[in-house]
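Residue numbers for the sequence shown follow UniProt numbering, beginning at 1 and rising by one.
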Amino acid sequence: MNQDQPDIAAQQAAADAAAAEGVNEQIEQLRAEVEQVKAEALRERADLDNQRKRVARDIEQARKFANEKLLGELLPVFDSLDAGLKAAGDDAHPLREGLELTYKQLLKVAGDNGLVLLDPTGQPFNPEHHQAISQVAAPGAAPGSVVTVFQKGYLLNERLLRPALVVVAAD
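In structure tokens:
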């Protein structure tokens with residue numbers, strides 16, 4: 001019987017070693033799964049943060065340009081008031097003064113809503129903001145500068161709403 005005891009002990013030790021090895025494999029497998037879950041959670045958190053930023057950016061853009069249609073439809077009104085002021089001349093007259101005051105008030109309200117007037121007379125031609133309709137020889141004017149503005153342009157929150165129609169000095 002003595003000989004059977006070492007065999008039983010050896011079998012028990014082998015069984016314990018096999019069980020320990022199985023437990024170690026399970027532990028490693030669980031660690032790998034935990035790492036995978038952590039990585040997925042981190043990716044999902046990053047995706048959520050990106051989505052929040054994208055939504056915030058979209059909301060900001062919508063807020064900045066919500067009045068684009070209205071202001072775009074007011075541009076002919078600005079043009080008409082500007083043409084009326086030019087036609088009235090420089091004489092001080094109550095009607096001219098009233099027209100000028102109305103024009104300034106309308107420009108201020110539009111400016112408070114992000115509209116900026118582009119009147120580039122004397123400035124260098126900028127193809128991003130100006131549309132050249134012709135070139136003329138202009139003594140005394142720098143080549144490539146705007147000599148005449150036929151129609152003023154407008155920016156809405158730094159985005160071009162309408163380019164200025166200009167005549168440019170020839171080289």
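Beta carbons are placed, not taken as given, at the ideal position from N, Cα and C, and that holds for glycine.
Taking a contact to mean a Cβ-Cβ separation below 8 Å, would you say residue i touches residue j in this structure?
i: Leu115; j: Leu156; result: yes
i: Val146; j: Pro120; result: yes
i: Pro94; j: Gln131; result: no
i: Phe150; j: Val166; result: yes
i: His129; j: Leu117; result: no
i: Ala170; j: Gln135; result: yes
i: Phe125; j: Gly144; result: yes
Please report how far the alpha carbon of residue i lies from the alpha carbon of residue j, in whole angstroms.
i: Arg31; j: Asn24; result: 10 Å
i: Ala46; j: Glu40; result: 10 Å
i: Gln29; j: Leu42; result: 20 Å
i: Ala142; j: Ala92; result: 34 Å
i: Glu68; j: Leu161; result: 8 Å
i: Gln51; j: Asp58; result: 10 Å
i: Lys53; j: Ala83; result: 45 Å
i: Phe78; j: Asp49; result: 43 Å
i: Gly140; j: Gly122; result: 11 Å
i: Ser80; j: Glu44; result: 55 Å
i: Arg96; j: Lys152; result: 20 Å
i: Ile133; j: Val55; result: 41 Å
i: Ala138; j: Leu85; result: 26 Å
i: Gln36; j: Gly22; result: 21 Å
Notebook entry, point to check: Okay, do the region 73-91 and the region 105-113 touch, 3+ Cβ pairs below 8 Å being the bar?
Noted result: yes
Margin query: Quick check for students: name the residue ranges of the beta strand (DSSP E) that lie wholly in the region 134-165, counting only runs of 3 or more.
Written below: 146-151, 153-156 and 159-162
Next item on the list: Please list the segments of the alpha helix (DSSP H) lying wholly inside the region 69-96, counting only runs of 4 or more residues, in order along the chain.
Entry: none
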